[in-house]
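S.K.: In the numbering used here, the protein residues as written are 1285 to 1497.
Built from N, CA and C at the ideal position, the CB exists for glycine as well.
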Amino acid sequence: MTHPPAQVHVVNHPLVQHKLTLMRRKDASTNTFRTLLNELSMLMAYEVTRDMPTQEIDIETPLERMKSRVIDGKKLVFVSILRAGNGILEGMLSVVPGARVGHVGLYRDPNTLMAVEYYFKMPQDMQERDIVVVDPMLATGNSAIAAVARLKALKPKSIKFVCLLTCPEGVAAMQAAHPDVAIYTAAIDRQLNEHGYILPGLGDAGDRIFGTK
Ligand code: URA
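#1: Quick one: is the Cβ of Ile1493 within less than 7 Å of any heavy atom of ligand 1?
#2: Any heavy atom of ligand 1 closer than 7 Å to the Cβ of Ala1489?
#3: Quick check on this structure: which residue in Asn1395, Leu1449, Asp1356 has the alpha carbon closest to the alpha carbon of Val1418?
#4: My parser needs the alpha helix (DSSP H) runs of 4 or more residues fully inside the stretch 1363-1387; what are they?
#5: Give me the residue from Val1400, Thr1345, Lys1303 with the minimum Cα distance to Phe1317.
#6: Are the stretch 1429-1442 and the stretch 1408-1418 in contact at 8 Å, needing three or more beta carbon pairs?
#7: In the DSSP output, what is Glu1401 paired with across the bridge?
#8: So what's Lys1358 in DSSP terms, helix, strand or just coil?
#9: What are the boundary residues of the beta strand (DSSP E) that Ser1442 is part of?
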């Protein structure tokens, strides 16, 4: 049986759209860009965890005992695709501080634009965990597709993908390779250029986060 592709969630909340606009501007400083990315990541975390399971625990308010719901943050793993994914981590972790973190190091071969892995470190017991893969830009999709394929081999309970920006080419590639992985993004831009950059985009996310250009 074939399944319809998992959804693409465009988070069009006014706060998300406002912050994204400020980040796109070429005159935004590294500090401004990073601060906005941090805030935006918290808002994206809010969306991507919307259907996270909760469990009831017994607590005592100042007035009486009650049952109330909590999440099991430890079951959640944020997987950062290095290096730009790290820019999203801080915001995500401030909302789910108990989450575990994995890292995948992939670089884009400048000639083929294909992803080449140089680092992979995950928490234990991945088969019990829900994974949220983070990378600000879903452009060609090559890195995201390679990272998700690697993670699927660990048989996690679920995988979702969070980015800030994508484009029709990135969405199509990801959905063709991993139709079961839902994509959360703040916008789907017009197109990819011949160098694998998103247009109109926001430039090189890694350089803008870390001030390396
Ligand atoms: N990676 C980036 O940092 N920016 C793009 O536009 C595409 C990929």
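M.R.: The structure says:
#1: No, the Cβ of Ile1493 stays beyond 7 Å of every heavy atom of ligand 1.
#2: Taking 7 Å as the cut-off, one finds at least one heavy atom of ligand 1 near enough to the beta carbon of Ala1489.
#3: The shortest Cα separation from Val1418 among Asn1395, Leu1449, Asp1356 belongs to Leu1449.
#4: The qualifying runs are 1370-1379.
#5: Selected option, being the one with the closest Cα: Lys1303.
#6: Flag = yes, the stretch 1429-1442 and the stretch 1408-1418 touch.
#7: Answer by DSSP bridge pairing, in chain order: Leu1390.
#8: Lys1358: helix per DSSP, three-state reduction.
#9: 1442-1446 is the span of the beta strand (DSSP E), which, as asked, contains Ser1442.
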